[in-house]
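Step one of this worksheet: look at the structure below.
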Ligand code: GDP
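Numbering (the numbering used here), first residue to last: -8 to 289.
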């Protein structure tokens, strides 16, 4: 095997050189495990998950001499094992409309993700309606209207500052009347006053349940990968204020190292429905655990 076949992004440094050939072997000892842990932590995986991953790697192999290729495969296998159970597309329900509440802090990519999802579902032949539930941010509403146009999907709005729950109620009515398959409701992402946000989301849920007591069928939390370990905090907070059922991780096309996804899967086990890989309408991809593990290990 050639050196380039074993091109070790993350792991090359373990062998003291960037282009360590596949034939070079090193003992899987404490020193090596510690270095591995450091690399994983630097990839945003967090300490707990990094320790668990390296412990699993060492099990039954401690003291063995392994090549960079073998370590890479071992690591990719461990990462994929954590990620496989959470790699699930947004589940579709036979309900009409299926109600998807979209939550997340401002700037995480909620609007963009709603637009991308709307476009995908529309391309799959679904009738989609969007409700611009962040009624306090005029710019957010405008931006959502732009995405609605791009996706060819109607966006229901309400006057600035009006009650988001009342918009959600009207949106349920209209989506039902129009026979829509999917209603996506955008929500405010202000965490400054958590009890206000909790009350606002609870009220939206209460009113849509007047139409359908099983709604919302999904509560999608949108997270920004570039915030690194902060994403873990956001899951905790949004689990307190809403009933998060799944995640979309955005901005994985940028400099984000992505290890935080492993930490999220390890800690919360929430499904990852999709990943954002750019700013364009088609830049939403299903989450592929093996591809992800291979990319992370380099
Ligand atoms: P919101 O405030 O949560 O609704 O966030 P927006 O949807 O407005 O997104 C905030 C910024 O992030 C915008 O500039 C988007 O173009 C950008 N963005 C969203 N998703 C992605 C992504 O997957 N990749 C990249 N590179 N940028 C993204």
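We put the beta carbon where it would ideally sit given N, CA and C, even for glycine.
If you're wondering where the values come from, they're calculated on a predicted model, not measured in any experiment.
Exercise. Around the Cβ of residue -3, are there at least 16 other Cβ atoms within 10 angstroms (buried) or fewer (exposed)?
Worked result: The sequence position of residue -3 within the chain shown is 6, counting from 1. The pLDDT assigned to residue -3 is 35, lower than 50, so where the model puts this residue is not dependable, and the model offers no usable value.
Problem set entry | Any non-hydrogen atom of the ligand GDP closer than 6 Å to residue 97 Cβ | Here the question's residue 97 lines up with position 106 in the chain shown. At least one heavy atom of the ligand GDP is nearer than 6 Å to the Cβ of residue 97, so yes.
Problem set entry | Buried or exposed by the 16-neighbour rule on C-beta atoms within 10 Å, applied to residue 39 | Working through the chain shown from its first residue, we reach residue 39 at position 48. Label assigned to residue 39: exposed.
Problem set entry | Residue range of the unbroken beta strand (DSSP E) whose run includes residue 240 | Locating residue 240 in the chain shown gives position 249, where the first residue counts as 1. Its beta strand (DSSP E) spans residues 237 to 241.
Problem set entry | Local conformation of residue 251 per DSSP, three classes | Working through the chain shown from its first residue, we reach residue 251 at position 260. DSSP places residue 251 in helix when its eight states are reduced to three.
Problem set entry | For residue 264, three-class secondary structure by DSSP | For this step, residue 264 is matched to residue 273 along the chain shown. Reduced to three states, the DSSP call for residue 264 is strand.
Problem set entry | Same chain, Cβ closer than 7 Å to residue 225, five either side skipped, listed in chain order | As a working note, residue 225 is residue 234 in the chain shown. Within the same chain, residue 225 has close Cβ partners 96, 214.
For this session: Take residue 149 as the anchor and find which of 160, 83, 208, 30 has the nearest alpha-carbon.
Result: Your numbering for residue 149 matches position 158 in the chain shown. Checked all of 160, 83, 208, 30; the closest Cα to residue 149 is 160.
Problem set entry | Three-state secondary structure (DSSP) of residue 36 | Within the chain shown, the letter at position 45 stands for residue 36. Note: residue 36 maps to coil in three-state DSSP.
Problem set entry | Cβ-based neighbour list, residue 221, same chain, cut-off 7 Å, excluding 5 preceding and 5 following | By one-based count along the chain shown, residue 221 stands at place 230. Excluding positions up to five away in sequence, the list is empty.
Exercise. If residue 158 sits next to residue 122, beta carbons under 8 Å apart, how far is it from one beta carbon to the other, in whole angstroms?
Worked result: By one-based count along the chain shown, residue 158 stands at place 167. By one-based count along the chain shown, residue 122 stands at place 131. Correct: roughly 6 Å between the Cβ atoms.
Exercise. Hey, residue 31 and residue 250 are a contact pair by Cβ (cut 8 Å); roughly how many whole angstroms apart?
Worked result: In the chain shown, counting from the first residue as 1, residue 31 sits at position 40. In the chain shown, counting from the first residue as 1, residue 250 sits at position 259. Right, their Cβ atoms sit about 6 Å apart.
For this session: Quick one: using the 10 Å Cβ neighbour count with 16 as the cut-off for buried, is residue 233 buried or exposed?
Result: Against the chain shown, residue 233 aligns to sequence position 242. That one is buried.
Exercise. Does the stretch 140 to 155 come close enough to the stretch 70 to 81 to have 3 or more Cβ pairs within less than 8 Å?
Worked result: no
Problem set entry | Residues near residue -5 by beta carbon distance below 7 Å, same chain, minus five either side | By 1-based counting over the chain shown, the position of residue -5 is 4. Unreliable positioning characterises residue -5 in this predicted model, as indicated by a pLDDT of 34, which lies under 50. The coordinate reading is nonetheless provided below. Here the set comprises nothing.
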